[in-house]
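Below you'll find the structure, written out as C-alpha cells, and then a few comments.
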Amino acid sequence: MRNESIGKRQTFYAEEVKETQGNYLQMRSRRSKRLGNIKASAIRRLFGLVKQIPDVISLGIGEPDFTPPPNVLDAVKRALDDGKTHYVLSDGISELREALAKKFSRDYDLFYNPEGEILVTVGATEAVALAMQALLNPDDEVLIPNPGFVCYEPAVLIAGGTPVSVPILEGNGFKPDIENVTSLITSKSRVMIINSPNNPTGAIYGYNELAELSKLAVENDLIVISDEVYERIIYGNTKHYCLATFPGMRERTIVVNSFSKTYAMTGFRVGCAAGPRDLISAMLLVHQFTVACVDTVAQYAATAALEGPQDSVSTMVSMFDKRRRFICERLGEMEHVRCFLPEGAFYAFPNIKEFGKTSAELSEYLLKEARVVVTPGSAFGKYGEGYLRFSYATSFEKIVEALDRIERTIRKLRSTKS
Ligand SMILES: Cc1ncc(COP(=O)(O)O)c(C=O)c1O
C-alpha cells in the first residue's frame, strides 16, 4: 500500500518535472542576460561521458589520482569526533588562516595578517569568482590568458565584466607577449589574471616575464589575480615565484591558492585568497552572503595538510614527472603531433594542427575509436584551438595503455586518409 502511494507520487513528480522542463525550454529568456553566452564546461561534459563508456581511459580531468596524506584523513575523523560540525567564522577557522600566513612567510617571505588579509574559500574556483564580483563594475575589462582555465571567463561575465583575451601562444613558449599585453590595456582595464604554472599548457612564467607583467600592472593601476594553485607541481630546476613578491605588487595582488592539487584534496573544496585588506574584505562580503563559510571539517583537514609532513607532495610530483616525460616522449614520436615539454602542473598540450581536424573533432574521434578522453584545446579559449590537453593525473599503466590506443587509432586515421 505504502509502496503503491510512493510509486504514484514518483510518477506524478516525474510528469511535473517533464512539464516544467518543457516550459523551461520555451523560456530560455528567464536566464539573466549576464548568463546569455555562457555554456556548460566542456570538461564537465567529458566527465559525464567517461562514466557512460565502458573501458574508457580518461586523460581529461585535472585532478590528482592520489589520496590525501594520511594525517589529513585522520584530521577529518578527529574533527567529526570532536563535534566540529557547526558554522564557523566566514573568513575561515583561525587555525587555518594562521597556518596559511605561516606558509606565505616561510615560502615567500610575505607577511599576511591572518586577521583580514586571508580568506578561506570554496576552492580556488570560489576565490576567483569572489574577486570578480567584489572588484568589477559593469563593463570593466579583465585580461584573461587564452588558452586559460575554464572558470575565468564565466566568472568575469557573471560579475558583469568584459573578458579580454591575452593570447598565450606556443611560439612564445605559451607565455604572454608583453607588447601584445600592453596593446590590450585600455582605460577600462581593471584586473589581470595570471596563472603560472599554467592550466592547460603546463608553462611556467619565469622571473623576467613576471617582473614585466608586474611593471605593467603597476603602471596601469591594475589589480592582479595570481592563480598559483600549481605552485608546488613543478619539475626539474624550475622555480615558482609568487607574484605578490614583485615590487609594488603586494598591495595590488590577490594570490589565489588551493588544497585541491598540492594535497590531492579536490573533493574537500578548500582554497584561499591572500591580499590587501580592502580587497579581501570586499571578497569576504560576497563570500559571507553566498556560502556563509567553508565546510568546517574540510578546514580542519586543510590545516592538517599544511602543518603535517610534506613528503607526500614530493612523492606525488616525482610520479607526475615520470608520467610527464613518458607522455611527451610518446606524443613527440607520433606523426603530425608536436609536444612541448611542460615545466609545471600535470598537463601536456600537444599541437595537433597538422591533422586538419579541429581539436573537438579529434578528441571526439579518439573517444569513439580509442576510448580515451582528452580535452579539446578549444575548451580553454580560441587560442587553444589546434591543441589537445592530456592530463597525466592518472596511473602510469593507464597512460601507457591510452597512448598505445591513441597511436593505433592515429595510424588508422592516416591510412584511411591516404
Ligand atoms: C588554474 C586553476 N585554477 C583553479 C582551479 C580550481 O581549483 P579548486 O579545486 O581549488 O577550485 C583549477 C582546477 O583545475 C585550475 O586548473
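For the record, in the sequence shown the residue sitting at position 418 is 422 according to this note's numbering, with numbers rising by one throughout. Beta carbons: idealized from backbone N, C-alpha and C, even for Gly.
(message) Along the chain, where does the alpha helix (DSSP H) containing I197 start, and where does it finish?
(response) Taking the first residue of the sequence shown as 1, we reach residue 197 at position 193. Here I197 belongs to no alpha helix (DSSP H); instead the beta strand (DSSP E) covers 193–199.
(request) Indicate the three-state DSSP secondary structure (helix, strand or coil) for N355 in the structure shown. (result) On the sequence shown, residue 355 is found 351 positions in, with the first residue counted as 1. Secondary structure of N355 (DSSP, three-state): strand.
(request) Tell me, please, which residues DSSP counts as bridged to L392. (result) The residue you call residue 392 lines up with position 388 of the sequence shown. BP columns for L392 point to P380.
(request) Can you have a look at K265 and say buried or exposed, based on whether 16 or more other CB atoms are within 10 angstroms of its CB? (result) Taking the sequence shown and counting its residues from 1, the one referred to as residue 265 is at position 261. Around the beta-carbon of K265, 16 or more other beta-carbon atoms lie within 10 Å, marking it buried.
(message) Can you tell me whether E99 is helix, strand or coil according to DSSP?
(response) Position 95 of the sequence shown, counted from the start, is the residue given in the question as residue 99. The three-state secondary structure of E99, taken from DSSP, is helix.
(message) Spatial neighbours of D59 within its chain, please: C-beta separation below 6 Å, excluding the five flanking residues on both sides.
(response) Here residue 59 refers to the residue found at position 55 of the sequence shown. Around D59: R375.
(message) Does the beta-carbon of S96, which I'm using as the reference point, lie nearer than 7 Å to any heavy atom of ligand 1?
(response) For the purposes of this step, residue 96 is taken as the residue at position 92 of the sequence shown. The sequence shown places Gly at residue 96, not Ser. The beta carbon of G96 sits no closer than 7 Å to any heavy atom of ligand 1.
(message) Taking only three categories from DSSP, how would you classify N176?
(response) Residue 176 sits at position 172 when you count from the first residue of the sequence shown. Note: N176 maps to helix in three-state DSSP.
(message) Measuring CB atoms only, is the region 239–248 touching the region 96–116, in the sense that at least three cross pairs come out at less than 8 Å?
(response) Contact between the region 239–248 and the region 96–116 is established, with three or more Cβ pairs separated by less than 8 Å.
(request) Sort I331, L417, F350, Q303 by Cα distance to H90 and report the nearest one. (result) For the purposes of this step, residue 90 is taken as residue 86 along the sequence shown, with counting starting at 1. If we check each option's Cα against that of H90, Q303 comes out closest.
(message) Once DSSP output is grouped into helix, strand and coil, what is the label at I414?
(response) Translated into positions along the sequence shown, residue 414 becomes position 410. Helix, per DSSP.
(request) Please find out if some non-hydrogen atom of ligand 1 comes closer than 7 Å to the beta-carbon of D231. (result) Position 227 of the sequence shown, counted from the first residue, corresponds to residue 231. For D231, the CB falls within less than 7 Å of some heavy atom of ligand 1.
(request) Return helix, strand or coil for I331, following the three-state DSSP convention. (result) Working through the sequence shown from its first residue, we reach residue 331 at position 327. Residue state for I331 is assigned as helix, using DSSP reduced to three classes.
(message) In the DSSP output, what is D231 paired with across the bridge?
(response) By 1-based counting over the sequence shown, the position of residue 231 is 227. BP columns for D231 point to N199, V260.
(message) Measuring only the C-alpha atoms, how far is Q56 from N117?
(response) One-based indexing of the sequence shown puts residue 56 at position 52. One-based indexing of the sequence shown puts residue 117 at position 113. Going from the Cα of Q56 to the Cα of N117 covers about 47 Å.
(message) Taking DSSP's pairing of strands, which residues face S318 in a bridge?
(response) For the purposes of this step, residue 318 is taken as the residue at position 314 of the sequence shown. Per DSSP, none; premise fails for S318.
(message) Which residues does DSSP list as the beta-bridge partners of S62?
(response) On the sequence shown, position 58 is the one that residue 62 refers to. Beta bridge pairing from DSSP links S62 with V377.
(message) Classify S193: buried if its beta carbon has 16 or more other beta carbons within 10 angstroms, exposed otherwise.
(response) Here residue 193 corresponds to residue number 189 of the sequence shown, with the count starting at 1. Buried: at least 16 other Cβ atoms inside 10 Å.
(message) Please list the terminal residues of the continuous beta strand (DSSP E) segment that includes I148.
(response) Here the question's residue 148 lines up with position 144 in the sequence shown. Note, I148: beta strand (DSSP E), 145–150.
(message) Just to confirm the assignment, what range does the beta strand (DSSP E) spanning I122 have?
(response) The residue you call residue 122 lines up with position 118 of the sequence shown. Its beta strand (DSSP E) spans residues 122–125.
(message) On the criterion of 16 or more Cβ atoms from any shown chain inside 10 Å, does D95 qualify as buried, or is it exposed?
(response) Here residue 95 is taken as the residue at index 91 of the sequence shown, counted from 1. Buried, since its Cβ has 16 or more Cβ neighbours within 10 Å.
(message) Quick check on the DSSP output: the alpha helix (DSSP H) that includes A163 runs from which residue to which?
(response) Within the sequence shown, the letter at position 159 stands for residue 163. Secondary structure note for A163: it is in no alpha helix (DSSP H), with a DSSP letter that is neither H nor E.
(request) State yes or no: is the C-beta of I424 within less than 8 Å of the C-beta of G390? (result) One cannot answer for residue 424 here, as it falls past the ends of the chain, which runs 5 to 422.
(message) Using the Cβ count rule (16 or more neighbours within 10 Å means buried), how would you classify T307?
(response) One-based indexing of the sequence shown puts residue 307 at position 303. Counting Cβ neighbours within 10 Å, T307 comes out buried, since at least 16 surround it.
(request) Would you give the residue range spanned by the alpha helix (DSSP H) that A305 belongs to? (result) Sequence index remark: in the sequence shown, residue 305 carries index 301 (1-based). Segment 300–311, the alpha helix (DSSP H) holding A305.
(request) Would you give the residue range spanned by the alpha helix (DSSP H) that A83 belongs to? (result) Sequence index remark: in the sequence shown, residue 83 carries index 79 (1-based). A83 -> alpha helix (DSSP H) spans 74–85.
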